[in-house]
């Protein structure tokens, strides 16, 4: 397959921070990145997959078909060892149910405290799905391990970043500059696999 790297790329999210992060990670390809906010609104697909990869595929296929554009979708989340992997694929939904990530973080701390824990090992997972308008699809995955810390620290990043300290570091993702986080994050690891694919196609 020959890929025109100047083609528009839809990053299938309305989350400005996520679009900014992906655009930064893919900057070497000079892609014309767009978000869902650049298109006429349509209902979101039902993310009823059982894995991160399932849900990434659901979104990539749906929006690529609707808008006829090369589409990159991700599904990512925080998996906490002491909570048997929770919230996992429910990470975003859990935050919505708690009326925001700040409340979700407080609830996670509460759930850990109920078990007599003040911290836990955890990992972030990012599954990427790149879908071409003619139907071809590629999948990439990244994982980063670390521990949780409370109270939250840092004002950078988003989501659960303020409580996640990657293995071998003392700072949370939210305390790191974007460039430093990019070298460590689960999204970066998944994107590096994507970059390898883009570089040879």
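Residue numbers (this note's numbering): 81 to 281. Backbone N, C-alpha and C define an ideal beta-carbon position, used for all residues, glycine too. All values derive from a computational prediction rather than experimental measurement.
Give me the Cα-Cα distance between residue i and residue j, rounded to the nearest whole angstrom.
i: residue 261; j: residue 120; result: 32 Å
i: residue 160; j: residue 133; result: 18 Å
i: residue 202; j: residue 180; result: 20 Å
i: residue 255; j: residue 241; result: 8 Å
i: residue 268; j: residue 194; result: 34 Å
i: residue 151; j: residue 196; result: 44 Å
i: residue 277; j: residue 239; result: 28 Å
i: residue 237; j: residue 224; result: 15 Å
i: residue 200; j: residue 169; result: 18 Å
i: residue 220; j: residue 143; result: 18 Å
i: residue 244; j: residue 103; result: 23 Å
i: residue 198; j: residue 192; result: 6 Å
i: residue 162; j: residue 218; result: 32 Å
Spatial neighbours of residue i within its chain, please: C-beta separation below 6 Å, excluding the five flanking residues on both sides.
i: residue 148; result: 213
i: residue 234; result: 242, 252, 254 and 255
Does the Cβ of residue i have 16 or more other Cβ atoms within 10 Å, making it buried, or fewer, making it exposed?
i: residue 139; result: buried
i: residue 157; result: buried
i: residue 173; result: exposed
i: residue 136; result: buried
Pick helix, strand or coil for residue i, following the three-state DSSP scheme.
i: residue 48; result: With the chain covering 81 to 281 only, the question about residue 48 has no answer from this structure.
i: residue 250; result: coil
i: residue 155; result: strand
i: residue 211; result: strand
i: residue 235; result: coil
i: residue 220; result: strand
i: residue 203; result: strand
i: residue 115; result: strand
i: residue 122; result: coil
Less than 7 Å between C-beta atoms, sequence neighbours within five positions excluded: which residues of the same chain meet that for residue i?
i: residue 93; result: 99, 115 and 116
i: residue 130; result: none
i: residue 184; result: 174, 175 and 178
i: residue 146; result: 122
Check the Cβ-Cβ distances between residue i and every residue of chain C, and say whether any is below 8 Å.
i: residue 217; result: The structure shown contains no chain C; it is built from a single protein chain.
Leaving out five residues before and five after residue i in sequence, what residues of the same chain have Cβ atoms less than 8 Å from its Cβ?
i: residue 165; result: 159
i: residue 89; result: 106, 111, 112, 113, 114, 149, 150, 151 and 152
When every heavy atom of the ligand PLP is checked, does at least one fall within less than 7 Å of the C-beta of residue i?
i: residue 123; result: For the ligand PLP, the structure offers nothing, since it holds no ligand at all.
Report yes or no: do three or more beta-carbon pairs, one from the region 176-193 and one from the region 98-110, lie closer than 8 Å? no
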